[in-house]
Amino acid sequence: MRILVAMSGGVDSSVAAATMVERGHEVIGVTLKQWSGPDGRLPTAGCCTVADAEDARRVAAKLGIPYYVLDYRDRFAESVVAHFTSEYLAGRTPNPCIECNRRVRFGALLSRAAELGCDRLATGHHARVDHDGTRYRLLVGRDRDKDQSYVLHMLGQGELASILLPIGEMTKTEVRAEAARLGLRTATKADSQDLCFVAGDYREFLRERLPQAARPGPIVDATGTVVGSHRGTADFTIGQRKGLGVSFGEPRYVVGVDAATSTVTIGRREELAVEACLVTGVSFISGGAPEEGAEVAVKIRYRSAAVAATLWTENGGRRVRFSEAQLAVSPGQAAVFYRGDEVLGGGTIEEAA
Amino acid sequence: MLYLDHAATTPMRPEAREAMAPYLDADFGNPSGLHAPSRRAKDAIESARERLAALLGAAHPLDVVFTGGGTESDNLGLAGPCLAGSGRGGVVISAVEHEAVIETARFLGRLGCPVRVVPVDRFGRATPGDVAAAVDESTRVVSVMAANNETGVIQPVAEIAAAAREANPAVLVHTDAVQAMVSLPVNLGLLGVDLLTVASHKVGGPKGVGALVMRPGIELEPVIHGGGQELGRRSGTHDVAGIVGMVAAAEAAVFDRDRFGRDVGEARSRFEAKLTAAVPDVVFTIGAGADRLVQHSHFRVPGISAETLLIRLDGAGVAASAGSACQSGALEMSHVLAAMDLPAEEAAECVRITFGWTTSPHDGDSAAAAVATVVGDLR
Numbered sequence: 036m037r038i039l040v041a042m043s044g045g046v047d048s049s050v051a052a053a054t055m056v057e058r059g060h061e062v063i064g065v066t067l068k069q070w071s072g073p074d075g076r077l078p079t080a081g082c083c084t085v086a087d088a089e090d091a092r093r094v095a096a097k098l099g100i101p102y103y104v105l106d107y108r109d110r111f112a113e114s115v116v117a118h119f120t121s122e123y124l125a126g127r128t129p130n131p132c133i134e135c136n137r138r139v140r141f142g143a144l145l146s147r148a149a150e151l152g153c154d155r156l157a158t159g160h161h162a163r164v165d166h167d168g169t170r171y172r173l174l175v176g177r178d179r180d181k182d183q184s185y186v187l188h189m190l191g192q193g194e195l196a197s198i199l200l201p202i203g204e205m206t207k208t209e210v211r212a213e214a215a216r217l218g219l220r221t222a223t224k225a226d227s228q229d230l231c232f233v234a235g236d237y238r239e240f241l242r243e244r245l246p247q248a249a250r251p252g253p254i255v256d257a258t259g260t261v262v263g264s265h266r267g268t269a270d271f272t273i274g275q276r277k278g279l280g281v282s283f284g285e286p287r288y289v290v291g292v293d294a295a296t297s298t299v300t301i302g303r304r305e306e307l308a309v310e311a312c313l314v315t316g317v318s319f320i321s322g323g324a325p326e327e328g329a330e331v332a333v334k335i336r337y338r339s340a341a342v343a344a345t346l347w348t349e350n351g352g353r354r355v356r357f358s359e360a361q362l363a364v365s366p367g368q369a370a371v372f373y374r375g376d377e378v379l380g381g382g383t384i385e386e387a388a
Numbered sequence: 106m107l108y109l110d111h112a113a114t115t116p117m118r119p120e121a122r123e124a125m126a127p128y129l130d131a132d133f134g135n136p137s138g139l140h141a142p143s144r145r146a147k148d149a150i151e152s153a154r155e156r157l158a159a160l161l162g163a164a165h166p167l168d169v170v171f172t173g174g175g176t177e178s179d180n181l182g183l184a185g186p187c188l189a190g191s192g193r194g195g196v197v198i199s200a201v202e203h204e205a206v207i208e209t210a211r212f213l214g215r216l217g218c219p220v221r222v223v224p225v226d227r228f229g230r231a232t233p234g235d236v237a238a239a240v241d242e243s244t245r246v247v248s249v250m251a252a253n254n255e256t257g258v259i260q261p262v263a264e265i266a267a268a269a270r271e272a273n274p275a276v277l278v279h280t281d282a283v284q285a286m287v288s289l290p291v292n293l294g295l296l297g298v299d300l301l302t303v304a305s306h307k308v309g310g311p312k313g314v315g316a317l318v319m320r321p322g323i324e325l326e327p328v329i330h331g332g333g334q335e336l337g338r339r340s341g342t343h344d345v346a347g348i349v350g351m352v353a354a355a356e357a358a359v360f361d362r363d364r365f366g367r368d369v370g371e372a373r374s375r376f377e378a379k380l381t382a383a384v385p386d387v388v389f390t391i392g393a394g395a396d397r398l399v400q401h402s403h404f405r406v407p408g409i410s411a412e413t414l415l416i417r418l419d420g421a422g423v424a425a426s427a428g429s430a431c432q433s434g435a436l437e438m439s440h441v442l443a444a445m446d447l448p449a450e451e452a453a454e455c456v457r458i459t460f461g462w463t464t465s466p467h468d469g470d471s472a473a474a475a476v477a478t479v480v481g482d483l484r
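One line per chain: the protein sequences are A and B, in this order.
Start counting the first sequence at 36; every next residue gets the next number (my numbering).
Start counting the second sequence at 106; every next residue gets the next number (my numbering).
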């Protein structure tokens with residue numbers, strides 16, 4: 036087969052490309068230029084740096100495959116950055132990795148793979164795809180600590196039929212060992228950060244891009260009483276305990292962030308805890324929905340353990356009832372449903388209650 | 106492999122390789138010494154200087170400055186006169202200049218030199234009137250390229266030079282003739298310019314060598330400082346083999362120009378005719394609308410991105426390009442096409458095919474067939 040491999044310049048996608056070559060496929064490597072500095076050039080820090088593209092290029096050269104940098108800046112700005120900022124302004128906590136995977140990698144790039152005459156798109160995600168005889172299934176990566184199935188939950192049968200995730204079968208240690216064995220220069224490269232395009236500092240990014248997030252405003256409690264002030268909502272995220280600049284006898288947590296009104300709401304731990312949440316924009320990988328009241332495990336943040344819950348249809352979405360109250364359930368984040376190793380699907384948390 | 110990117114660089118001519126060989130081997134001397142090996146190296150570059158001066162119409166061999174390439178020649182051609190005598194002379198450039206000129210102008214602007222950018226028509230040409238209107242008493246250098254590297258469109262440089270001097274008799278006119286020299290007669294007198302940039306590798310010489318050729322008596326502030334080579338105008342030990350190779354290639358190119366024009370012209374005619382027959386909606390950016398270099402064909406196929414087309418061609422063993430790529434190799438919105446008012450979506454579809462001295466007329470057929478095959482696959 037001819038395979039297009041999305042190469043970020045990191046070790047996972049380097050080894051994904053190498054694996055495809057070793058399996059005897061005809062491989063084309065591409066790096067997506069998603070973001071550029073103010074002068075239009077690749078940035079020197081954060082993601083999509085010149086150094087990342089050069090790393091990917093050297094790996095491709097070592098593997099003897101053609102390599103290209105594709106310009107996806109407009110697409111990324113329209114569908115990922117704009118979504119991130121508008122969601123943030125709407126008082127939510129967006130996950131741009133999911134939008135990027137949905138719109139760019141497994142959207143525009145997947146169509147591009149076909150245009151380039153490729154049969155499949157391979158990426159370096161830690162997750163697995165298998166076929167149970169009837170349907171494609173998305174499974175968590177072998178390396179539980181590195182599992183990235185959360186950011187792939189919105190893929191459907193069409194996408195899963197067209198992608199390969201060779202790294203999902205390997206642990207990170209094995210990936211690095213393989214890179215070292217092949218003499219790839221990315222073997223010891225540090226893992227990339229989530230939220231790649233904000234170049235490591237989410238707060239700084241918000242302050243620069245969204246003047247609303249840098250405006251001073253009140254800190255209020257659940258009753259609306261002003262209990263303090265802040266220098267910009269950019270500094271706060273739901274569940275945050277430190278750096279509130281207010282002191283009470285017992286800890287206070289951020290329970291709401293509204294950039295539009297520059298208001299940060301804080302409350303006690305119990306005010307942060309919810310029994311359920313409403314999830315909208317739900318999709319299921321199999322194409323069909325599980326039974327009412329299905330018992331699943333739910334991940335409500337990328338880097339947190341899945342918790343037991345049941346799913347109930349509500350307003351076209353799903354009401355997720357947790358078996359134990361959860362802290363910091365943030366609207367805008369994805370809720371992803373698992374059964375064992377299998378990803379059933381997921382959606383976006385609309386409200387926590 | 107079908108190589109259709111001769112404007113990016115072209116294979117080395119055998120004359121250049123042969124001329125260079127001794128200086129990569131036995132005649133390795135540094136031309137700036139007093140002993141015999143130095144004298145042999147010095148003799149080689151001074152002979153090359155005399156021959157390039159004759160080729161490009163310089164009055165005296167010392168009006169040729171050897172540089173590290175076309176980009177450096179452009180830097181020196183603009184910054185040299187503008188900054189001479191601790192001056193802050195102004196520059197007037199066209200909007201479609203090579204980045205070497207545009208970025209130098211921007212740099213001079215940061216140093217306090219007045220900079221004006223002249224718009225172009227829809228074929229990418231600056232008019233003598235617009236250039237003259239931009240020139241005033243602060244203007245030191247006017248720079249308009251002889252032919253554009255992306256589209257191949259030929260600028261009316263002689264008319265522009267005359268109009269600029271009418272506006273201010275003291276201005277110096279510089280032209281970047283890097284692309285034009287391959288197929289057009291290029292010299293100071295014909296183009297009516299005071300400073301002329303040429304580059305070695307575009308005419309079949311080695312990379313990393315160029316020259317700035319001038320009328321006598323022009324004072325230059327150097328952009329590279331050091332041991333004072335090239336009469337202090339460009340320091341650094343000479344790339345003897347490179348200089349010798351460049352001049353041998355330039356002579357070979359001039360000698361070969363008529364044959365080049367015939368073969369390349371035939372290749373391009375066949376390419377454009379056959380591609381039009383196979384893909385009737387293909388759009389040639391310049392086409393018959395304006396004079397263009399014989400080796401350039403710049404076109405787009407509506408609905409097919411340049412990225413996709415070029416990658417598919419590469420996969421089929423055909424090397425072509427878009428005009429503009431960034432450091433990473435990603436295609437960029439071309440400032441040339443933007444200045445020509447081409448919408449961004451159309452600019453992103455533009456592909457450049459450039460033929461060269463190794464092209465046979467039949468390559469035009471093969472090129473058209475390759476593009477047509479990819480377009481057929483995609484549609």
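No residue lacks a Cβ here, since even glycine has one placed at the ideal position from N, Cα and C.
> Between the stretch 158 to 174 of chain B and the stretch 232 to 250 of chain B, do at least 3 Cβ pairs fall closer than 8 Å?
Replying inline: The stretch 158 to 174 of chain B vs the stretch 232 to 250 of chain B: no contact.
> DSSP puts residue 102/A in a beta bridge; with which residues?
Replying inline: Looking at the DSSP assignment, residue 102/A forms a beta bridge with 64/A.
> If you measure beta-carbon to beta-carbon, which residues of the stretch 62 to 73 of chain A are closer than 7 Å to chain B?
Replying inline: Sequence-ordered contacts of the stretch 62 to 73 of chain A with chain B read 68 [C-beta pairs closer than 7 Å].
> In chain order, what residues of the same chain lie with their CB nearer than 7 Å to the CB of residue 386/A, ignoring the 5 residues before and after it?
Replying inline: Listed in chain order, the non-local C-beta contacts of residue 386/A below 7 Å within the same chain comprise 312, 313, 366, local neighbours out to five positions each way being set aside.
> At a CB-CB cut-off below 9 Å, which residues of chain B make contact with residue 101/A?
Replying inline: Residues of chain B whose Cβ lies closer than 9 Å to the Cβ of residue 101/A are, in chain order, 416, 419, 420.
>> Using a Cβ-Cβ cutoff of 8 Å, what residues of the stretch 145 to 159 of chain A are near chain B? List them in chain order.
In response: Here the close residues are 147, 150, 151, 152.
> Looking only at its own chain, which residues have a Cβ that is under 7 Å from the Cβ of residue 341/A, when we skip the five neighbours before and after it?
Replying inline: For residue 341/A, where only same-chain residues beyond five positions count, the Cβ hits under 7 Å are 332, 333, 334, 373.
>> For residue 47/A, report the span of its alpha helix (DSSP H) as first-last.
In response: It spans 46 to 57 - the alpha helix (DSSP H) in which residue 47/A sits, taken as one unbroken run.
> Can you name the residues that DSSP bridges to residue 361/A?
Replying inline: Answer by DSSP bridge pairing, in chain order: 309/A.
> Whose C-beta lies closer than 7 Å to the C-beta of residue 106/A among residues of the same chain, with five residues either side of it excluded?
Replying inline: Closer than 7 Å at the Cβ level, and outside the excluded window around residue 106/A, lie 68.
> In whole angstroms, what is the alpha-carbon distance linking residue 420/B and residue 158/A?
Replying inline: Whole-angstrom Cα-Cα distance: 21 Å.
>> Please classify residue 130/B as buried or exposed, where buried requires at least 16 other C-beta atoms within 10 Å of its C-beta.
In response: That one is exposed.
>> Is there a C-beta anywhere in chain A that falls below 9 Å from the one on residue 386/B?
In response: No, residue 386/B lies away from the interface with chain A (no Cβ there is under 9 Å from its Cβ).
>> Going by DSSP, what residue range makes up the beta strand (DSSP E) through residue 281/B?
In response: Looking at the DSSP string, the run of the beta strand (DSSP E) that includes residue 281/B is 277 to 281.
> Closest Cβ-Cβ distance between residue 130/B and chain A: below 9 Å?
Replying inline: With respect to chain A, the C-beta atom of residue 130/B has no partner C-beta closer than 9 Å.
> What's the C-alpha gap between residue 133/A and residue 141/A?
Replying inline: Going from the Cα of residue 133/A to the Cα of residue 141/A covers about 10 Å.
> Of the residues 484/B, 415/B, 366/B, which one's Cα is nearest the Cα of residue 463/B?
Replying inline: The candidate whose alpha carbon is nearest that of residue 463/B is 366/B.
> Hey, how far is the Cα of residue 382/A from the Cα of residue 319/A?
Replying inline: Straight-line Cα distance between these residues: approximately 9 Å.
> What do you reckon, are the CB atoms on residue 173/B and residue 318/B nearer than 9 Å?
Replying inline: Annotated as distal: residue 173/B and residue 318/B, with beta-carbon spacing of 9 Å or more.
> Just by C-beta distance, which residues in the stretch 93 to 120 of chain A are closer than 8 Å to chain B?
Replying inline: Within the stretch 93 to 120 of chain A, contact with chain B at the beta-carbon level (separation under 8 Å) is assigned to 101, 103, 104, 105, 106.
>> If I measure Cβ to Cβ from residue 362/B and keep anything under 8 Å in the same chain, skipping five residues before and after, which residues do I get?
In response: Residues of the same chain with a CB within less than 8 Å of the CB of residue 362/B, apart from the 5 flanking positions on each side, are 288, 290 in chain order.
>> Spatial neighbours of residue 322/A within its chain, please: C-beta separation below 8 Å, excluding the five flanking residues on both sides.
In response: The beta carbon of residue 322/A lies closer than 8 Å to those of 170, 191, 192 in the same chain, with the five residues before and after it left out.
>> For residue 231/A, report the span of its alpha helix (DSSP H) as first-last.
In response: Taken as a continuous stretch (DSSP letters only), residue 231/A belongs to no alpha helix (DSSP H), as it is neither H nor E.
> What beta strand (DSSP E) runs, 3 residues minimum, are completely inside the stretch 158 to 230 of chain B?
Replying inline: Counting whole runs of 3 or more residues, the stretch 158 to 230 of chain B contains the beta strand (DSSP E) stretches 169 to 172, 195 to 199, 220 to 223.
> Is the distance from the Cβ of residue 449/B to the Cβ of residue 443/B below 9 Å?
Replying inline: Inclusion of residue 449/B and residue 443/B in the CB contact set at 9 Å is warranted, their separation being smaller than that value.
> What in chain A is Cβ-close to residue 413/B, meaning under 8 Å?
Replying inline: Against chain A, the beta carbon of residue 413/B has neighbours under 8 Å at 147, 150, 151, listed in chain order.
> Between the C-alpha atoms of residue 164/A and residue 202/A, what's the straight-line distance to the nearest angstrom?
Replying inline: Approximately 11 Å, taken between the alpha carbons.
> Which residues in chain A sit within 7 Å of residue 182/B, going by Cβ to Cβ distance?
Replying inline: Near residue 182/B there are no residues of chain A at all, since even the closest Cβ is about 24 Å away, more than 7 Å.
>> In this structure, how does DSSP classify residue 135/A when only helix, strand and coil are distinguished?
In response: The answer is helix: DSSP assigns residue 135/A an H, G or I state.
> Where does residue 145/A fall in DSSP's three states?
Replying inline: Shown here, residue 145/A sits in a helix according to DSSP, grouped into three states.
> Looking at the C-beta of residue 482/B, does it have a partner C-beta in chain A at a distance below 9 Å?
Replying inline: Output row for residue 482/B: interface = yes.
>> With a threshold of 9 Å between beta carbons, is residue 52/A in contact with chain B?
In response: Judged by the 9 Å Cβ criterion, residue 52/A is not in contact with chain B.
> If we cut at 9 Å on Cβ distances, does residue 88/A have a partner in chain B?
Replying inline: Contacts with chain B at 9 Å (Cβ-Cβ) include residue 88/A.
>> Considering only their Cβ atoms, is the gap separating residue 255/B from residue 405/B smaller than 9 Å?
In response: Their beta carbons are not under 9 Å apart, which means residue 405/B does not touch residue 255/B by this criterion.
> Between the stretch 130 to 143 of chain B and the stretch 269 to 287 of chain B, do at least 3 Cβ pairs fall closer than 8 Å?
Replying inline: The stretch 130 to 143 of chain B and the stretch 269 to 287 of chain B do not touch, with fewer than 3 CB-CB distances between them shorter than 8 Å.
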